[in-house]
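Heads up: the structure comes next, in structure tokens.
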Amino acid sequence: MILRASRISKKKYNALLKCFVLDQQASVAAEMAKVNKNTAGLWYRHWREAIYAATARAPRFIGVVEMDQKQFGGRGRKRMQALLKRYAKVLPHAEYLKKAREIRKEHKTTVFGIIERDTQRVYIHTIKREDKRTLMPIIRLVVQAGATIYTDKWRGFADLKIDGYTHHSINHSEEYVDKKGQHANTIESFWSHADRRLKKFNGIHRTTLPLHLKECEFRWNHRDDFERALKALVQK
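Residue numbering for the sequence shown follows our numbering, beginning at 17 and increasing consecutively.
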């Protein structure tokens with residue numbers, strides 16, 4: 017085990033764990049605990065992998081749920097911008113806009129999120145394609161038949177009623193709460209939470225982004241008792 021090479025005293029371990037609970041970056045934790053920054057990084061990754069493993073099993077939601085997709089990250093931002101500029105010079109505007117959407121998607125990680133409105137529990141899943149073949153198996157796994165689902169107007173959600181769900185959609189290009197008071201703002205609150213957390217890292221490598229995203233999910237679901245929930249997962 018790689019952590020055997022990073023054995024530290026119980027006092028330093030607790031100091032690192034406390035910094036992790038407080039959501040401080042590993043570089044700050046290394047100074048606080050008086051350990052090497054690589055050692056702090058190894059322990060942080062170990063705890064994130066434990067969280068990732070614990071959240072791998074999908075929950076089962078009933079009642080009223082909301083779902084949405086969001087893109088995170090942006091690998092090679094400068095290269096992407098340079099590529100877009102080249103296409104802008106040679107393509108007609110309509111074709112350029114289509115190509116630009118494709119390029120931006122390729123440089124980002126797409127996440128599908130489902131939240132149970134009553135309990136505020138959230139489940140996220142990183143996806144490679146935004147289509148019915150990808151999303152419907154996730155929805156059937158997580159959301160019990162007969163539940164009420166609120167989404168945006170994306171066409172991929174059109175078949176939810178066929179699968180036995182009560183489906184309401186809101187056109188987010190026009191409004192976030194319709195005249196009947198229907199909305200999907202609960203999942204938007206989680207996206208805001210994840211955005212705020214990830215931005216402070218000033219860029220996350222695409223290979224470790226899934227770990228950070230699942231950490232966002234775990235912190236959200238255990239925001240009232242995060243330290244206790246974390247300690248139940250990780251014991252030195």
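Backbone N, C-alpha and C define an ideal beta-carbon position, used for all residues, glycine too.
Inter-residue Cα distance where the pair is residue i and residue j
| i | j | result |
| --- | --- | --- |
| H188 | W59 | With a pLDDT of only 49 at H188, under the threshold of 50, the placement of this residue in the model should not be trusted, and no figure is reported. |
| T142 | G57 | 23 angstroms |
| N237 | R137 | 5 angstroms |
| K177 | E233 | 28 angstroms |
| V159 | Y29 | 39 angstroms |
| A49 | E132 | 38 angstroms |
| G79 | L157 | 15 angstroms |
| R222 | P75 | 25 angstroms |
| I140 | L107 | 37 angstroms |
| A69 | W63 | 10 angstroms |
| Y166 | D147 | 17 angstroms |
| A72 | I154 | 12 angstroms |
| Y112 | A210 | 30 angstroms |
For residue i, the three-state DSSP class (helix, strand or coil)
| i | result |
| --- | --- |
| E146 | coil |
| G180 | coil |
| K86 | strand |
| G129 | strand |
| V158 | helix |
| H221 | coil |
Contact test: residue i Cβ vs the ligand GTP heavy atom, cutoff 8 angstroms
| i | result |
| --- | --- |
| H141 | Within the structure as shown, the ligand GTP is missing, as the structure has no ligands at all. |
Buried versus exposed call for residue i [16 or more other C-beta atoms within 10 Å across all chains shown]
| i | result |
| --- | --- |
| E191 | For E191, the predicted model reports a pLDDT of 49, less than 50, meaning its position is unreliable and no value from the coordinates is stated. |
| V175 | Note on identity: in this sequence residue 175 is Asp, with Val being the wrong assignment. Exposed. |
| F217 | exposed |
| D240 | exposed |
7 angstroms Cβ shell around residue i - same chain, five flanking residues per side excluded
| i | result |
| --- | --- |
| E243 | V37 |
| V180 | According to the sequence as given, residue 180 is Gly; it is not Val. So the list reads A161 and G162, once near-sequence residues are dropped. |
| F173 | T167, H183 and S185 |
Minimum C-alpha distance to residue i - residue among the options
| i | options | result |
| --- | --- | --- |
| S208 | L229, I220 and T224 | L229 |
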